[in-house]
Amino acid sequence: MTAILTSHPVVDLALAPLLEPVTFAGLPLASRFVMAPMTRFHSPGGVPAPEVAAYYRRRAEHGVGLLVTEGVWVGHPTAGHEDTVPRMTAGAAEASWRRVVDEVHAVGGRIAAQLWHLGSLREPVDGLAAWTPSGVREPGRPASRAMTVADIDELLESYAEAARVAARAGFDAVEIHAAHGYLLDEFLWPFTNRRTDAFGGSPARRAAFPAAVVRAVRAQFPADRPLIVRFSQFKERRFDARIAETPAELDAILTAFAEAGASALHASQRRFWQPAFPGSGLNLAGWAKRLTGLPTITVGSVGLTRDFLRPGGPESVSGLVQRVAAGEFDLVALGRILLGNPAWVTHAAAGRLDDIVDYRKSHEDTYH
Ligand SMILES: Cc1cc2nc3c(=O)[nH]c(=O)nc-3n(C[C@H](O)[C@H](O)[C@H](O)COP(=O)(O)O)c2cc1C
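The sequence shown begins at 1 in full-length UniProt numbering and counts up one residue at a time.
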C-alpha cells in the first residue's frame, strides 16, 4: 500500500503521523483518517443511487483510509421511515452496496457499513408506533411502544440479517450505531431506559440489549473483519445528556461491548479536544481505549476551518497529532469538512490551504 505522503509531501505541516498506513483491529488502512458516517438521502426506496458509489470512492481516492457509510437501516419496519435513507436488505440494496464497496476497493480504500435503528425518533408516518426501551418520548411527541422481550428477539434477528447482507456485499467492517439518542443509545441512557428487567437498571444492564446486538452481528459477520461500536454521551437533541457519569460507569458499558465481541470503539463527541471526565485530559476515545484496550476512533470538529491546519493549541492539528502520537486513540474521523472538500486529506497533506474551503452549513445541501 502506498503511503499518501509519497505523492503529497507535507509542507510545514505536522500531519505526517496521520498519513501513514496503519493496521486497525486487523484491517490494513492507507491512513489514520476515517470518513464519519453522514446521512445524505440519496437512496430512493432504500437503495443507494449510482452517485453514492462515486461519492464514497472520491473520499477514498483522496486519502481517507476507512469510510463509514451513512447510517443504514436494518430491515425491520420500525427502523426508520424516510424513503431516501439507505437500507441494507431492501430489494436491490445488496447489489447496490456491492458496487459501492467495489468502487472504494478499486482505489485502495476500506469501508464499514453503519447499522442503524431510529428508536423513538422514527416518525409514525404509517401509523406504526416507534419502538423504544420504556415508551418514554419527548413531551408533545406521539406515544411509543415499550419493547417486549419478544420485540428484542425480533430486532436481534434484523441486525443479524443486516450483518449477513453486509458480509455478502463485501464490507470490510460493520459499525453498530449506538450513539446520539437513537434506539441502542436510548437503552444506554437512564432517562429513556426505565426498565426493571434484565435490560435496565445499572450501566451494565442498560448495555445488555446493545451488547446482545453486538453478539448477534458478530455471529454473522466474518471473524476476521472488525466490528466497531459507535457510542456518545450527548444526544442529537440533548447535548448535555450522559450515559455514564463516571469512568467506572463507562467501563461497565464498554466492557459489555468488548465481551460481546466488539473489536473497536468509535467515541462520538462534538469537539475532540474536550476532556470526557474531570481530572484527566483524555477525551472520550482516550477513555474508551484506556478502559478496554480496544483500538478507538475519535471525531468532533476536526479541520472545520483552515485555521486548524496552522500549528497551535489543543484544538489544532498540533494538538490532534500529539494525542495520536501519545497513543490516546488510533484513528481520526472527519465529518462535515469532507462534505465540501472530498480531497481535504490530500490538500491538507500537501499544505494546499488555498484549495480547501472552510465548512459551511450549505455544504450539507451539496453532493459530490
Ligand atoms: C449531515 C450529517 C449527517 C450525519 N449522519 C450521521 C449518521 O448517519 N450516523 C452517525 O453516527 N452520525 C451522523 N452524523 C454525525 C457525524 O458522523 C459526526 O460525528 C459529526 O458530524 C461530528 O464530526 P465533524 O465535526 O467532523 O462534522 C451526521 C452529521 C452530519 C453533519
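Just so you know, even glycine gets a beta-carbon here, dropped at the ideal spot from N, CA and C.
Spatial neighbours of residue i within its chain, please: C-beta separation below 7 Å, excluding the five flanking residues on both sides.
| i | result |
| --- | --- |
| S96 | V47 and P48 |
| F171 | V101, I111, A112 and A113 |
| R306 | L353, I356 and D358 |
| A162 | V74, G75, M88, T89 and L115 |
So, is residue i buried or exposed, given that buried needs 16 or more other C-beta atoms within 10 angstroms?
| i | result |
| --- | --- |
| residue 389 | What the structure shows of the chain is the stretch from 1 to 368, and residue 389 is not part of that stretch, so it cannot be assessed. |
| H289 | A small correction: the amino acid at residue 289 is Lys; His does not occupy that position in the sequence shown. Under this definition K289 is a buried residue. |
| L15 | buried |
| S144 | buried |
| H8 | Since pLDDT at H8 reaches only 42, below the 50 mark, its modelled position is unreliable, and the value read off the structure follows with that caveat. Classification for H8: buried. |
| A312 | Strictly speaking, residue 312 in this sequence is Gly, with Ala absent from that position. Classification of G312: exposed, given that the 10 Å Cβ count is below 16. |
| D153 | exposed |
| A349 | buried |
| E175 | buried |
| P17 | exposed |
Identify, in the order they occur along the chain, each residue of the same chain with its Cβ nearer than 8 Å to the Cβ of residue i, setting aside the five sequence neighbours on each side.
| i | result |
| --- | --- |
| T366 | L339 and G340 |
| W116 | G71, V72, W73, V74, A79, G80, H177 and Y182 |
| L29 | P21, V22, T23, G65, L66, R110 and L331 |
| R360 | G340 |
| H368 | Y55, R58 and P342 |
| L27 | L66, R110, D172, A173, R225 and P226 |
Which two residues bound the contiguous alpha helix (DSSP H) that contains residue i?
| i | result |
| --- | --- |
| P133 | Note, P133: premise wrong, no alpha helix (DSSP H); not H, not E. |
| Q220 | A208 to Q220 |
| H347 | W344 to A349 |
| Q274 | Unbroken run through Q274: none, as it is neither H nor E. |
| W97 | A93 to A106 |
| E157 | V149 to A169 |
| V302 | First-last for V302: undefined, no H or E at that position. |
| R323 | V317 to A325 |
Is residue i near ligand 1, judged by its Cβ being under 7 Å from some heavy atom?
| i | result |
| --- | --- |
| T78 | no |
| L183 | no |
| E70 | yes |
| G65 | no |
| M38 | yes |
| Q233 | no |
| S43 | no |
| Q274 | no |
| A179 | yes |
| E315 | no |
| E364 | yes |
| residue 388 | With the chain covering only 1 through 368, there is no way to say anything about residue 388. |
| S318 | no |
| L334 | yes |
| V324 | no |
| G300 | yes |
| I337 | yes |
Could you spell out the range, first to last residue, of the beta strand (DSSP E) harbouring residue i?
| i | result |
| --- | --- |
| V357 | Premise fails: V357 is in no beta strand (DSSP E) and is neither H nor E. |
| F231 | L227 to K235 |
| S268 | A264 to S268 |
| V299 | T296 to V299 |
| L331 | L331 to L334 |
For residue i, collect the residues of the same chain with a Cβ closer than 6 Å to its Cβ; drop the 5 residues on either side in sequence, then sort them by chain order.
| i | result |
| --- | --- |
| S232 | A179, H180 and S268 |
| S31 | I4, L19, G63 and G65 |
| A260 | A211, V214 and R215 |
### Message
Report the start-end ranges of each alpha helix (DSSP H) in the region 3-89 that is 4 residues or longer and not cut off at the edges.
### Response
Within the region 3-89, complete alpha helix (DSSP H) segments of at least 4 residues are found at 4-7 and 50-61, given in chain order.
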